[in-house]
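Asks:
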Amino acid sequence: MLRRSLLRIVLLSCITFNAIGQIATDSQIAAHPVWEQLLHIRQTPVTGVSQSFYLAADGSDNSLAELQATLAAFQQHPQSQCRYPARRLFLQRYYPARHFPVVACAEYQAYLDAFVTDSLSLIYASGYLGNPASMFGHVFVKFNSDGEHDLLDNTFSYGASVPESDNKLAYMIKGTSGGYEGHFTNQKYHHHDLTYNESELRNLWEYRLDLDRPEVEFILAHLWELENTSMTYYFFRQNCAYQLAKLLELVIDTPLTEPGKYQVMPVDLIMRLNKSANGEPLYTEVRFHGSRQQALYEHYLQLNAQQRNTLTAILAAPAAQTTRLLAALEDEDAKAVIDTLYDYVAFQEVRQDEAAAELHEKKRLAMARRFAMAPGKVQWQSVTPIAPHHAQLTSLLQTGLSVNNNVSAVLLRYRANYYDLLTYNPGRIPFSELSTFDLRLAYRDNHALSVQQFNLLKVINLNASQTGLPGDDALAWKMALGYRQQSNACLHCGSAFVEGFVGKAWSPAAGQVFYGAVSGTATSSNRMGGNLAAGAEMGGVITFTPKLAMSFSAGHQWYINALSEHRQYVEVETRWLISQHWDLRATYQYLGQAEAGVQISYYY
Amino acid sequence: MFKKIAMAATLMTATLSGQTLAQENINPWKHCGIGAIIFDDNGTAAAISNVIWDLGTTAVSSKVSSADSCEGKLVTAAVFIQDNFKKVMEETSQGEGEHLVAMMDILGVEQAERANVIAAVRADMAGVVAANAQTSPETYYNAVVANI
């Protein structure tokens, strides 16, 4: 690979000398980005649990003082080198003439022996709408061992320490305001397999990074330094993605956080892996680890008619019929049905918290048949979905024109993240939306700029069944809150709002979903008749081609505290995908008055 | 914590024979606190209870007591079986699978012996499942230990 990392520069070139051939000064070395990152300069300071992480009193923001304190400590207290192996590696390269006392670090060596490998993967866990902490996904690193199965690989993950007594609201408030301490933890990979694939039904994407052994060891060395330390955690910035990006930037000379963006999302880090200095991706391989739900769908779709009928019959009949139904199948057919039943039961255990005893009995009887057959797995066709790094990026700038009662307006929109029903994002939950800080402004002739809508949060999960099997669906739901104009017929009739719906969705064909729901809206203003409205909504999403998709919704609500008043609304939006960065939208909206528009979107 | 993990992983790479001698009388569930501390009710649910927060991960790493006899590969295998019992059972019924490979790796079973070990465990568990007897991680573990 032509790419050269900072560490390679450190290791292989004469960067102890500056451009005019003089020995680099302490100040120059202290300003080196790798040294600064080892100290987490310009980030929240690292706090040691039992002893300070910094050796100088002002080491958290004075890299020179910390450099000098480290040099002194290494000379005067040689064992301190064992506590700071990454600093030692760095300083040995920058001060080749300085000989630090030789010291044996038995515990660190044991750690290296257990952890170090030739390759490192960054793993992205897809979002999970059941938990506010998990909506935006997660990332962690895996140290790949060639000697043992991947499930036994070691991982490091960064997260906040959240007391069990904190509820989701407390988590959101404290998580966004620096109310938690974050730290790195290590686990075997099979814990993540269990947590994400099995228990939260989330897909994992593994990006095997193009790093060599010294680079992997340098990362491990810094993780060792962070043992028993913590850093203030911020949900939208100094989170798992941010800390892992900074960790990897120790050995990758490409910024891994998006310049100009305040928030750092896990998928943003994945996107940045495509942007090395020479244009080559920073990974050598992408592997997919599908969830149990994914396995169920893949296997069910590959069943033939007889196999599907048998599975359906088993689920519908009393458990006692399971053995008889399976007995009607040849072994190879029965194996496919049983494997899919395993997936189904595991899926239901998550969906229903605990699957019914009847279902467990069906599984036991099916398992007894499986044990009675010859060993050997079904040769399922491997299906790999489109990887998340192909999705559109997470932040949106949009501009366009709208026409409302023959009055034109220029539209401006900024959305901090993440995706709407039409965003091209194959890695996300199908037919869902997760938008935060979505601001839409309108500028009309002879009028000042006005806020058309501001969604602080909008979440939709239509939860349509993909197999038709019982329990393979859940309630379709929506929750949104923010501020918006209450009608297209007025200009300054804004109101804070909270709204949502609960209903049912159907997916008659791939790429299509339709829903019906009961809806409710609460507004801070009763200008349109009342503050509380309830009614019904129907809508859907149709993906005609990967490039062309449409969403629509229509609803009617009555004001509960003013029954003679009601509101109706219709929204239709189409999207034409241009690239990861661009798409075109055409919109029609009726809310007291019709409004049509076209917009061009830029994602970054 | 890193150190404990590192040491445990190091121990896992030791030869089987020495560890087996030291642990053959150890019941990981009774003597090492696996079930009592971590897995009171439902293995899966308990195993993830501390890592449910995506961005608030608390490591579940030190599952066993500090007794030396609870740090070897048999106990590591017991913890692995307890954690992944559902998958382990399914794969055993299928006769192969990545969790079985990982379990064999933990136990250090020679490649040439693995098929025989899995076949023997499969035969034992087939009888348990068919008889509708109690299938538990401990039952499975005992079958594994008896066949390696």
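Top line first, the protein sequences correspond to chains A and B.
Heads up, the first sequence is in my numbering, so the first residue is 45 and it goes up one at a time.
Heads up, the second sequence is in my numbering, so the first residue is 436 and it goes up one at a time.
For every residue, glycine included, the Cβ atom is placed at its ideal position computed from N, Cα and C.
Quick caveat: nothing in here was measured; it's all calculated off a predicted structure.
Across the segment 157-175 of chain A and the segment 243-262 of chain A, are there enough close Cβ pairs to call them in contact, namely three or more that are closer than 8 Å?
Replies: yes
Asks: Does any residue of chain B have a CB that is nearer than 8 Å to the CB of residue 471 (chain A)?
Replies: As a position in the first sequence, residue 471 (chain A) is number 427, starting the count at 1. No, no contact with chain B.
Asks: If distances are taken between C-alpha atoms only, which option among A:131, A:74, A:319 and A:78 comes closest to residue 97 (chain A)?
Replies: Counting from one through the first sequence, the residue named residue 97 (chain A) turns up at place 53. When each option's Cα is compared against that of residue 97 (chain A), the closest is A:131.
Asks: Which of helix, strand or coil does DSSP assign to residue 273 (chain A)?
Replies: For the purposes of this step, residue 273 (chain A) is taken as residue 229 along the first sequence, with counting starting at 1. Here residue 273 (chain A) sits in strand by DSSP.
Asks: DSSP three-state call for residue 496 (chain B): helix, strand or coil?
Replies: As a first step, residue 496 (chain B) is located in the second sequence; it is residue number 61 there, counting from the start. Residue placement at residue 496 (chain B) cannot be trusted, given a pLDDT of 31 that sits under 50; the coordinates are not used to answer.
Asks: Closer than 8 Å between beta carbons: that is the criterion. Which residues of the segment 529-545 of chain B meet it against chain A?
Replies: Correct list: 529, 530, 531, 532, 533, 534, 536, 537, 540 and 541.
Asks: State the DSSP-derived secondary structure class of residue 302 (chain A), mapped to helix, strand or coil.
Replies: The count along the first sequence starts at 1 and reaches residue 302 (chain A) at position 258. Here residue 302 (chain A) sits in coil by DSSP.
Asks: Which chain B residues sit within Cβ distance under 9 Å of residue 416 (chain A)?
Replies: Taking the first residue of the first sequence as 1, we reach residue 416 (chain A) at position 372. Correct list: 561 and 565.
Asks: I want to verify the contact list: residues of chain A whose CB lies under 7 Å from the CB of residue 521 (chain B), in sequence order.
Replies: For the purposes of this step, residue 521 (chain B) is taken as residue 86 along the second sequence, with counting starting at 1. Simply 390.
Asks: If we cut at 8 Å on Cβ distances, does residue 557 (chain B) have a partner in chain A?
Replies: In the second sequence, counting from the first residue as 1, residue 557 (chain B) sits at position 122. Closer than 8 Å to some Cβ of chain A, the Cβ of residue 557 (chain B) qualifies, so yes.
Asks: If you follow the alpha helix (DSSP H) that residue 395 (chain A) is in, where does it begin and where does it stop?
Replies: Walking along the first sequence from the start, residue 395 (chain A) turns up at place 351. That run of the alpha helix (DSSP H) goes 375-395.
Asks: Find the residues of chain A that neighbour residue 573 (chain B), judging by a C-beta separation of less than 7 Å, and give them in chain order.
Replies: Here residue 573 (chain B) refers to the residue found at position 138 when the second sequence is read from its first residue. The contacting residues do not exist; residue 573 (chain B) stays about 18 Å from chain A at best.
Asks: Given this structure, state the Cα-to-Cα distance separating residue 80 (chain A) from residue 566 (chain A), to the nearest angstrom.
Replies: Along the first sequence, read from residue 1 onward, the residue named residue 80 (chain A) stands at position 36. Along the first sequence, read from residue 1 onward, the residue named residue 566 (chain A) stands at position 522. The straight-line gap from Cα to Cα measures roughly 50 Å.
Asks: Flag this pair as yes or no: are the beta carbons of residue 521 (chain B) and residue 390 (chain A) separated by less than 8 Å?
Replies: In the second sequence, residue 521 (chain B) corresponds to position 86, counting from 1. In the first sequence, residue 390 (chain A) corresponds to position 346, counting from 1. For residue 521 (chain B) and residue 390 (chain A), yes; Cβs fall inside 8 Å.
Asks: Verify the CB distance criterion: does residue 192 (chain A) have a CB-CB separation below 8 Å to chain B?
Replies: Numbered from 1 along the first sequence, position 148 holds the residue referred to as residue 192 (chain A). Yes, contact with chain B.
Asks: In the DSSP assignment, find the unbroken beta strand (DSSP E) run with residue 219 (chain A) in it and report its ends.
Replies: Counting from one through the first sequence, the residue named residue 219 (chain A) turns up at place 175. No beta strand (DSSP E) holds residue 219 (chain A); the alpha helix (DSSP H) holding it covers 212-221.
Asks: Note the first and the last residue of the continuous alpha helix (DSSP H) segment covering residue 544 (chain A).
Replies: Here residue 544 (chain A) corresponds to residue number 500 of the first sequence, with the count starting at 1. That residue, residue 544 (chain A), is in no alpha helix (DSSP H); its beta strand (DSSP E) goes 538-550.
Asks: I need the straight-line Cα distance from residue 474 (chain B) to residue 514 (chain B), nearest angstrom please.
Replies: To locate residue 474 (chain B), count along the second sequence from 1; it is residue 39. To locate residue 514 (chain B), count along the second sequence from 1; it is residue 79. Note that residue 474 (chain B) scores 34 on pLDDT, short of 50, meaning its location in the model is unreliable; the coordinates nonetheless yield the value given after this. Whole-angstrom Cα-Cα distance: 10 Å.
Asks: Examine chain B for any beta-carbon lying closer than 8 Å to the beta-carbon of residue 66 (chain A), and answer yes or no.
Replies: The residue labelled residue 66 (chain A) in the question sits at position 22 within the first sequence. Note that residue 66 (chain A) scores 48 on pLDDT, short of 50, meaning its location in the model is unreliable; the coordinates nonetheless yield the value given after this. Not an interface residue.
Asks: List the residues of chain B whose Cβ lies closer than 8 Å to the Cβ of residue 412 (chain A), in chain order.
Replies: Taking the first sequence and counting its residues from 1, one reaches residue 412 (chain A) at position 368. Within chain B, the residues near residue 412 (chain A) are 561, 564 and 565.
Asks: If you reduce the DSSP assignment to three classes, tell me which class residue 509 (chain B) lands in.
Replies: Along the second sequence, read from residue 1 onward, the residue named residue 509 (chain B) stands at position 74. Three-state DSSP puts residue 509 (chain B) in a helix.
Asks: Taking the alpha carbon of residue 553 (chain B) as the reference point, which residue from B:566, B:537 and B:463 has its own alpha carbon closest?
Replies: For the purposes of this step, residue 553 (chain B) is identified with residue 118 of the second sequence, where counting begins at 1. Nearest option by C-alpha distance: B:537.
Asks: Going by the CB atoms, is the gap between residue 574 (chain A) and residue 606 (chain A) shorter than 8 Å?
Replies: By 1-based counting over the first sequence, the position of residue 606 (chain A) is 562. By 1-based counting over the first sequence, the position of residue 574 (chain A) is 530. Judged by beta-carbon spacing, residue 574 (chain A) lies within the 8 Å limit of residue 606 (chain A), meaning their Cβ atoms are closer than that value.
Asks: Please tell me whether residue 524 (chain A) and residue 499 (chain A) are closer than 8 Å, where the distance is taken between their beta carbons.
Replies: Reading the first sequence from its first residue, position 480 is the one you call residue 524 (chain A). Reading the first sequence from its first residue, position 455 is the one you call residue 499 (chain A). Yes; because the gap between Cβ atoms is below 8 Å, this pair is in contact.
Asks: Opposite residue 329 (chain A) in the DSSP bridges: which residues?
Replies: The residue labelled residue 329 (chain A) in the question sits at position 285 within the first sequence. Bridge partners of residue 329 (chain A) according to DSSP: A:252.
Asks: Whole angstroms are fine: how far does the CA of residue 446 (chain A) sit from the CA of residue 134 (chain A)?
Replies: Numbered from its first residue, the first sequence carries residue 134 (chain A) at position 90. Numbered from its first residue, the first sequence carries residue 446 (chain A) at position 402. Their backbone Cα atoms lie some 57 Å apart in a straight line.
Asks: Return yes when the Cβ of residue 584 (chain A) is within less than 8 Å of the Cβ of residue 558 (chain A), no when it is not.
Replies: In the first sequence, residue 558 (chain A) corresponds to position 514, counting from 1. In the first sequence, residue 584 (chain A) corresponds to position 540, counting from 1. Yes, Cβ-Cβ distance for residue 558 (chain A) and residue 584 (chain A) is below 8 Å.
Asks: In chain order, what residues of the same chain lie with their CB nearer than 8 Å to the CB of residue 85 (chain A), ignoring the 5 residues before and after it?
Replies: Along the first sequence, read from residue 1 onward, the residue named residue 85 (chain A) stands at position 41. Closer than 8 Å at the Cβ level, and outside the excluded window around residue 85 (chain A), lie 104, 105 and 107.
Asks: Let me make sure I understand the geometry here. Which of B:558, B:546, B:540 and B:583 has the alpha-carbon closest to that of residue 418 (chain A)?
Replies: Position 374 of the first sequence holds residue 418 (chain A). With respect to the C-alpha of residue 418 (chain A), the residue from B:558, B:546, B:540 and B:583 having the closest C-alpha is B:558.
Asks: For residue 525 (chain B), decide whether its Cβ has a neighbour in chain A, counting only Cβ atoms nearer than 8 Å.
Replies: Reading the second sequence from its first residue, position 90 is the one you call residue 525 (chain B). At least one chain A Cβ lies under 8 Å of residue 525 (chain B).
Asks: Would DSSP call residue 564 (chain B) helix, strand or coil?
Replies: Translated into the one-based positions of the second sequence, residue 564 (chain B) becomes position 129. Reduced to three states, the DSSP call for residue 564 (chain B) is helix.
Asks: Give every residue of the same chain whose Cβ lies closer than 8 Å to the Cβ of residue 232 (chain A), excluding the five residues on either side of it in the sequence, and list them in chain order.
Replies: By 1-based counting over the first sequence, the position of residue 232 (chain A) is 188. Contacts found: 195, 196, 197, 198 and 199.
Asks: Given this structure, state the Cα-to-Cα distance separating residue 330 (chain A) from residue 467 (chain A), to the nearest angstrom.
Replies: As a first step, residue 330 (chain A) must be located in the first sequence, where it is residue number 286. As a first step, residue 467 (chain A) must be located in the first sequence, where it is residue number 423. Residue 330 (chain A) and residue 467 (chain A): Cα-Cα distance of roughly 23 Å.
Asks: Quick check on residue 503 (chain A): does DSSP put it in helix, strand or coil?
Replies: Numbered from its first residue, the first sequence carries residue 503 (chain A) at position 459. Here residue 503 (chain A) sits in strand by DSSP.
Asks: Where do the N-terminal and C-terminal ends of the alpha helix (DSSP H) with residue 105 (chain A) fall, by residue?
Replies: In the first sequence, counting from the first residue as 1, residue 105 (chain A) sits at position 61. Counting along the chain, residue 105 (chain A) falls outside any alpha helix (DSSP H), and DSSP gives it neither H nor E.
Asks: Of the residues A:515, A:205, A:569 and A:141, which one's Cα is nearest the Cα of residue 394 (chain A)?
Replies: Here residue 394 (chain A) is taken as the residue at index 350 of the first sequence, counted from 1. With distances taken between Cα atoms, residue 394 (chain A) lies closest to A:515.
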